[in-house]
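Input: a single structure, listed below in structure tokens.
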Amino acid sequence: MAVEVIQAMPAVPRAGLLRRFRRAVVRDPLALTGVVIIVLLLVGAIAGPWIAPYPEQGAGQSNVPARMLPPSPAHPFGTDGLGRDMLSRVIMGARPAVAVSLLVVGLAMLIGVPLGALAGYRRGRVDAVIMRITDLFLAFPPLLLAMSIVAALGPGLDHAALALAISWWPWYARLARGTATSLRERSFVEAARSMGVSDLVILRRHIVPNSLPPILVQATIDIGTVILAAGSLAFLGLGSTPPTPDWGLMVADGRTFILDQWWLSAFPGLAIFISVLGFNLVGDLLLDLLDPRGTR
Amino acid sequence: MTRFIVRRLAGSAAVLLGLSVITFALARLVPSNPAAIYIGPKARPEDIARITEQLGLDRPLPVQYLAYMRAMLTGDWGTSIGTKRPVLEEILARLPATLELIAAAMLIAIPTGILLGILSASWRRRPPDLVVRVISIVGVSLPAFWLGLLLQVLFFRTLHLLPLTGRVDPNLRFSFPIADITGFYLLDSAITGNWTAFVDVTWHLVLPAITLAAYPIGLIARMTRASMIEALGQDYVRAARAAGLSERLITWRLTLKNALIPVTTVVGLTLAYSLTGTFFVEVVYNWPGLGTFAVKGLLNLDYPAVMGITLFGAMGYVLINLVVDLVQSWLDPRTRLA
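Chains as they are written, first to last, in this note's numbering: chain B, -8 to 287; chain P, 66 to 403.
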């Protein structure tokens, strides 16, 4: 996905992206579906404990007499091996999923954007060094670096988030470098430079804020991608630990029973799929609006 | 062209050197005490001291790095803590299983993705286009491990059509054993004319390959669509239309070749995705390849195995990128300038 944003990125960020998005989204049923999904996900993340029919079970409390019940009106998603209501577990899984992705994307931006902006603004040796380091991190197949970092640090949600951020920041560095390179030639930056404004101030006041639109588009799409990545790590046993209602972990837990108690894995996996789908649907339209060639 | 190849090769070599620094750092610096982990939880202080000396962990870091590099270059990738066998040997023994799976997935994904992309571009903004857009977005959003489980329920449990896990029916080991020639079961059974095994292996490949192909299909379809639309907007296409050439001729003979150049990049990307994508597919289908080895290593803190896989995967990735760049520069000479 990141590649596409780089390819679609105009030389200078276009104004009014949000406004154009609002106008376009009502005419695009797919993107509209995506917006609805994202809103539902956020509602689940914020208000999960109040929406879930059995919030205490969602948080991990067991209810052994009701174990492994198939989906029914009382438990639409069935119950798990400890008798916990799966619907509640899935709803309450929204919060860790969203929290991890925000954390990962935020950290990756925090590392990548300043480095990229510096590289694009200063050019020369600084640029060369920063971009070679970036290339190195991008030379690992997706997720492999994150996996080996988690393995080195030990499993856990915080380690998984850190590992994902370490393998994600280079994309933001590349994006920020691209915009910074074109911004440094603009007259307002040149004016600031000729007045003796320090590089640090120029970067903070002019370069970084003006690079943000394409970076925020990338961040939006990445939230979905990170939900998938974090879910994948958790599925392998490299993410959250029980009793966290983590979707990836729930899919892994249900795997042994997949042929008979299919609902244990099916619904948490569906939650991951729908969430990722929502961000990709919205991302598709955002890329469309950024694309100067109109190839979509 | 030669200069481009030389420069590109030098670049790859530099990246590999950098990668070795990162894997070295991960193996030696991140764990608080590599020696203790090497021995396991029951380590006594004197054991740790002995292993520390044996592994050279008491020497300065640059010296350690050089020793690490020499070992890597001479094929000594350490011994897996889990299987007690040399890591490189383990990796190479499992490689054919994984490559067979990836090849099967690509065989499904590349034609399907390109066809869907062409279909979508030639019916732009009409129902078939919408359908293909939905398919490709769904493809890139599906968690492979979940898709695998669903397919198992559907095709094994409900329809009784396809096998659940593994590369081959274990019962065939006695009645129709597969000769161990290349490690690629399809190839080995075909060479020896063992068609019973060949058919069984094919059936075992279907579900894992489809699972691994879902993401690449989505990505390739998207890219083909975008570059087809761009190619169809070129002047030469307008000229061809004005000259009265049929739409079919324009799509298949004129534009497709040009449109496929950017698609090579995406094919490279999806191949690279498959390197780790196969981990999840292998775990779900109990496929005896690199992925199951890697995941087992990750969970058991088998550092030599994990670092070996990481370096091996990164090398594969660098190689794929190199090949993609070379193919692209051969197809489109303009890219040689970059």
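Every residue, glycine too, gets a C-beta built ideally from N, C-alpha and C.
Query	Result
Interface residues of chain P facing R227/B [CB-CB closer than 9 Å]	For the record, residue 227/B in the displayed sequence is Leu; it is not Arg. Per Cβ cutoff of 9 Å: F210, F344, F345, V348, V360, L363 and L364.
Neighbouring residues, chain B, relative to A337/P (Cβ below 9 Å)	P132 and P133
Interface partners of R135/P on chain B, CB under 9 Å	By Cβ distance, chain B contributes nothing, its closest Cβ being about 21 Å from R135/P, past 9 Å.
Where G19/B sits in the DSSP three-state scheme	It is worth fixing the name first, because residue 19/B is Asp in this sequence and not Gly. D19/B: coil per DSSP, three-state reduction.
Selection of the region 167 to 186 of chain P by Cβ proximity to chain B, strictly under 7 Å	none
Segments assigned alpha helix (DSSP H), at least 4 residues, entirely inside the region 247 to 285 of chain B	254 to 281
Nearest-angstrom Cα separation, counted from S178/B out to L216/P	58 Å
Cβ of L281/B within 9 Å of any chain P Cβ	no
Beta-carbon proximity check, V346/P vs A209/P, cutoff 9 Å	yes
Nearest-angstrom Cα separation, counted from D300/P out to V199/P	30 Å
The region 124 to 143 of chain B contacting the region 155 to 162 of chain B, beta-carbon criterion three pairs below 8 Å	yes
Own chain partners of R75/B with C-beta closer than 8 Å, once the 5 adjacent residues on each side are dropped	Y45, Q48, G49, G51, Q52, S53 and N54
Host alpha helix (DSSP H) of G97/B (start-end)	A85 to R113
Rounded straight-line distance, which links the Cα of W41/B to that of S292/P	47 Å
Beta-carbon proximity of D238/B to G25/B, cut-off 9 Å	The amino acid at residue 238/B is misidentified as Asp; the sequence shows Trp. Taking 9 Å as the Cβ cut-off, W238/B and G25/B do not qualify as a contacting pair.
Residues near N386/P in its chain [Cβ-Cβ closer than 6 Å; skip 5 each side]	none
Simplified DSSP state of D300/P, which is helix, strand or coil	helix
C-alpha gap between L9/B and I246/P, whole angstroms	60 Å
CA nearest to the CA of G298/P, picked from R72/P, A324/P, I156/P and Q129/P	A324/P
Distance between D19/B and L229/P (C-alpha atoms, nearest Å)	40 Å
Where A244/P falls, given that 16 or more other Cβ within 10 Å makes a residue buried	exposed
Buried versus exposed, by CB contacts within 10 Å (16 or more), P4/B	The predicted position of P4/B is uncertain, since its pLDDT is 47 and thus under 50; no value can be drawn from it.
Collapsed DSSP secondary structure at V(-6)/B in the structure displayed	Since pLDDT at V(-6)/B reaches only 47, below the 50 mark, its modelled position is unreliable, and no value is offered.
T261/P classed as buried or exposed, judged by whether at least 16 other C-beta atoms fall within 10 angstroms	exposed
Residues bridged to D76/B [DSSP beta-bridge criterion]	T70/B
Residues in the region 233 to 247 of chain B having any Cβ partner in chain P nearer than 7 Å	V242 and R246
Exposed unless 16 or more other CB atoms sit within 10 angstroms - verdict on P398/P	exposed
Any C-beta of chain B under 9 Å from that of T230/P	no
Residue closest to L82/P, alpha-carbon to alpha-carbon, out of Q393/P, F377/P, L237/P and A168/P	F377/P
Inter-stretch contact at 8 Å, needing at least 3 Cβ pairs: the region 143 to 158 of chain P / the region 251 to 266 of chain P	no
Min CB distance I87/P to chain B below 9 Å	yes
Nonlocal neighbours in the same chain, by C-beta distance under 7 Å from Q393/P, ignoring five residues either side	I326, T329, T330 and T400
Endpoints, alpha helix (DSSP H) assigned at S254/P	Y250 to I256
Endpoints, alpha helix (DSSP H) assigned at R238/P	L237 to S240
Contacting residues, own chain, Cβ-Cβ under 8 Å from H197/B (five flanking each side not counted)	L174, F179, V180 and A183
Chain P contact for L272/B (CB, 9 Å cutoff)	yes
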